[in-house]
Amino acid sequence: MKGNIYAAFFFAAAMTFAATTVDAKPLGTMRNGSNETCSVTSGHRPAGQKKGITKKGPTTIVSTRGVVKGVKGFAGDTPVKIYIEKGRITRIEPQPNQETPSVFARAEALLRRFIGKSVGEAQSMRVDAVSGATCSSKALVQTVKGGLKYYEDNR
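Here the sequence shown stands for residues 23 to 177, numbered as in this note's numbering.
If you want it as structure tokens, here you go:
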């Protein structure tokens, strides 16, 4: 019994170290005993690929996690994935965050305003905050605009 506990502890510690590797490429996932999923990573990125930017066919995906810094909602970071095709935003996916789900859902609605816009148009858009979700919506707008700036600077 003790051996299993030590083995489980060692494995969890190894996976925690692997999951915190900088610039890591996911290889798979595992359950860590709770309802959380830990990533198993290799620590490598394909040559020429910038952190936070991936290509899938004609679509470029910008992940703002770890790229857009200093933007906080009410409870923390508000990362998104921005999908860009032929210079236009085709989709924006909010990523896991610590915002209150019901409040964040209201703020999330403003992301639709960016869909179909060119990167330049989206960067210069004036988007008002959503009443009742002011911090979250302002953070989302800043995160999207920061991600688009990162895309422009690194594509």
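From the three backbone atoms N, C-alpha and C, an ideal C-beta is built for every residue, glycine too. Please read these numbers as outputs of a predicted model, since none were measured by experiment.
Whether L162 touches T100 by CB criterion (7 Å): It is a contact, given that the beta carbons lie within the stated cut-off.
Alpha carbon of G142 to alpha carbon of L170, nearest angstrom: G142 and L170: Cα-Cα distance of roughly 8 Å.
Helix, strand or coil at P123 [DSSP, three-state]: Under the three-state reduction of DSSP, P123 is assigned to helix.
Proximity of V152 and S159 at Cβ, strictly below 7 Å: Taking a C-beta distance under 7 Å as the contact criterion, V152 and S159 qualify as a contact pair.
Burial state of G109 (16 or more Cβ within 10 Å): It counts as exposed.
Range of the contiguous alpha helix (DSSP H) that encloses T165: Per DSSP, the continuous alpha helix (DSSP H) segment holding T165 begins and ends at 156–176.
Pair within 7 Å by beta-carbon distance, E130 and P116: The answer is yes: Cβ separation under 7 Å.
Simplified DSSP assignment, three categories, for V102: Shown here, V102 sits in a strand according to DSSP, grouped into three states.
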